[in-house]
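Chemist: Let me begin by handing over the structure; questions about it come next.
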Amino acid sequence: MSLWGGMGGGWGMVEEGWRKGPWTAEEDRLLIDYVQLHGEGRWNSVARLRGLKRNGKSCRLRWVNYLRPDLKRGQITPHEETIILELHAKWGNRWSTIARSLPGRTDNEIKNYWRTHFKKKTKLQLTVRRRQRTES
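For what it's worth, the working numbering labels the leading residue of the sequence shown as 7, then goes sequentially.
Here's what the structure looks like:
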């Protein structure tokens, strides 16, 4: 273990030797087997019990965003897009709240979709409206 100065200025112990980068098929299998046996939660135990050199947060995010069996794969449908637009107008950037209305979609997926498809369009529309107001 080594000492590490965290971003908040605090010091904490950080385990050396964590594996970073893309997950392998073997790591995915070990994580899936663990969750099927023990259920979700206790993510810090996964590495210790299954021999993964990943931290608990990495395991949790891999499961939630990529490996859960109820995840919906593929492009966002026009119906889902409409829901995203309506709920964003209501709740803003509360991605987890929006995701609850789209079963099988993750908050991260919705946030990334918004940022790649709508953020620029929204800024452009605001700019056009401002110009129209100043011209009249």
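Even for Gly, the Cβ is constructed at its ideal location relative to N, Cα and C.
A quick note: this is a predicted structure, and the numbers were derived from the prediction, not measured.
My output table needs one value for residue 82: the three-state DSSP class, helix, strand or coil.
Modeler: DSSP places residue 82 in coil when its eight states are reduced to three.
Chemist: Kindly indicate which residue of 71, 24, 27, 60 has the alpha-carbon position closest to the one of residue 105.
Modeler: With distances taken between Cα atoms, residue 105 lies closest to 71.
Chemist: Look up residue 43 in the DSSP assignment and say whether it is helix, strand or coil.
Modeler: Of the three classes helix, strand and coil, the one that applies to residue 43 here is helix, per DSSP.
Chemist: What number of angstroms, rounded off, separates the C-alpha of residue 23 from the C-alpha of residue 60?
Modeler: In a straight line, the C-alpha of residue 23 is about 9 Å away from that of residue 60.
Chemist: Could you have a look at residue 24 and say whether DSSP puts it in helix, strand or coil?
Modeler: It is coil, neither helix nor strand.
Chemist: Assess, as a yes-or-no matter, whether the region 73-93 is touched by the region 104-124 under the definition of 3 or more beta carbon pairs within less than 8 Å.
Modeler: As far as the Cβ criterion goes, the region 104-124 touches the region 73-93, which means the pair count is three or higher.
Chemist: Verify whether the separation of the beta carbon atoms of residue 92 and residue 58 is less than 9 Å.
Modeler: Cβ atoms of residue 92 and residue 58: not closer than 9 Å.
Chemist: Whole-angstrom Cβ separation of residue 111 and residue 63, contact assumed at under 8 Å?
Modeler: Between residue 63 and residue 111 the Cβ distance is about 21 Å, and since that is not below 8 Å, they are no contact.
Chemist: Just the C-alpha distance for residue 37 and residue 140, rounded to the nearest angstrom, thanks.
Modeler: Near 57 Å, if we compare the C-alpha coordinates of residue 140 and residue 37.
Chemist: Report the residue from 102, 123, 45 whose alpha carbon sits nearest the alpha carbon of residue 113.
Modeler: The candidate whose alpha carbon is nearest that of residue 113 is 102.
Chemist: Mind checking residue 68: buried by the 16 CB within 10 Å criterion, or exposed?
Modeler: By the 10 Å Cβ count, residue 68 comes out buried.
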